[in-house]
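Here is the structure we will look at.
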Amino acid sequence: MRQYLVLSAIGPDRPGIVDTISKLILDHGCNLEDSRMAILGGEFAIVVLMAGDAEQVAQLQKDAAGFGEKNGLTVTTKPTIAPGARELRNVQRYAVRAVGLDHEGIIHQIAHALATLGVNIETLESTTAPAPHTGDPQFILDMRIQRPAQLSDEQLREKLTEACEAVNVDVEILPVG
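Residue numbering for the sequence shown follows my numbering, beginning at 2 and increasing consecutively.
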C-alpha cells in the first residue's frame, strides 16, 4: 500500500541542496509528489511530499536525521495522508492579494481575521520590495484560502477588508475554480 511522508529541511543556502534531497528520495525508491522551496535570508527551506511503499517510506524516515546531520540540514519528517484524501466539500476557494507599506503585524492581523471566520489558508507567500516612486519597503502578500459554505462571500469580504484597513493595506479578493 502506498504511504505518504512529508519531509522538511532547512539549512544554509548553497548549490546542490535540491539535488541531494531529491537523490535521497530516489535512492529510497520513493517519488517526490509535491514540493515548496524558498531562500529566506541566507537559509534554504524545502518541504516535500513523497510517496512509496510502506517499507521504503519507513526506511527513508529512519535515515532522514543522519542525512540531515551529514549535509548540514535540520530535517524533520511526518507521515501523512494521500493528497485528496482530506475531503474539502462545501468550500469556495479564493486568491487574495494584499499590498501596502511594510510594518509589523500585517500577516497576523489578516490570519487572525480569517481564523475567527473558520477560513483555511491553503498557501501564503509574502515578500517586501521597494515601492514605486518612493522606494519605501512595500509589503506584498499572495494567498489561497478556503471559505466554508456557512460563511457568505459578503461576510468574508467585509471581515477581510476590515482587517486590511486596520493595518493600512489594500486587498483584492478573487474567487478561483
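Each residue gets a CB set at the ideal place from its N, CA and C atoms; glycine is no exception.
Predicted model only: the values in this text are computed from it and were never measured.
With fewer than 16 other Cβ atoms from the protein chains shown falling within 10 Å of its own Cβ, Leu27 counts as exposed. Note on Ala65: 16 or more other CB atoms within 10 angstroms of its CB, so buried under the neighbour-count rule. Its chain contains Asp103 and Thr129 as the residues whose beta carbon lies nearer than 6 Å to that of Pro138, once the 5 sequence neighbours on both sides are disregarded; these appear in chain order. Within the stretch 44-91, the runs of alpha helix (DSSP H) at least 4 residues long that lie entirely inside it are, in chain order, 55-72. The C-beta distance from Arg94 to Arg145 rounds to 6 Å, short enough to meet the 8 Å contact threshold.
Between Asp14 and Glu44, the CB-CB gap stays under 9 Å. Per DSSP, reduced to three states, the secondary structure at Glu126 is strand. In this structure, Arg98 and Glu173 form a Cβ contact; the two beta carbons are roughly 5 Å apart against a cut-off of 8 Å.
Ranked by how close their Cα comes to the Cα of Pro133, the residues Gln110, His113, Val100 and Ala150 have Val100 in first place. Remark: C-beta atoms of Ala52 and Asn32 approach each other more closely than 9 Å. Per DSSP, the unbroken alpha helix (DSSP H) holding Asp154 starts and ends at Asp154 to Ala167.
The straight-line gap separating the alpha-carbon atoms of Ala46 and Ala114 is approximately 27 Å. In the displayed model, Ala116 falls within a helix according to three-state DSSP. Nearest in C-alpha terms to Lys24, of all of Asn72, Gly136, Ile141 and Pro149, is Asn72. Assignment of beta-bridge partners to Gly101 by DSSP yields Phe140. When rounded, the separation of the alpha-carbon atoms in Thr81 and Thr135 is 46 Å.
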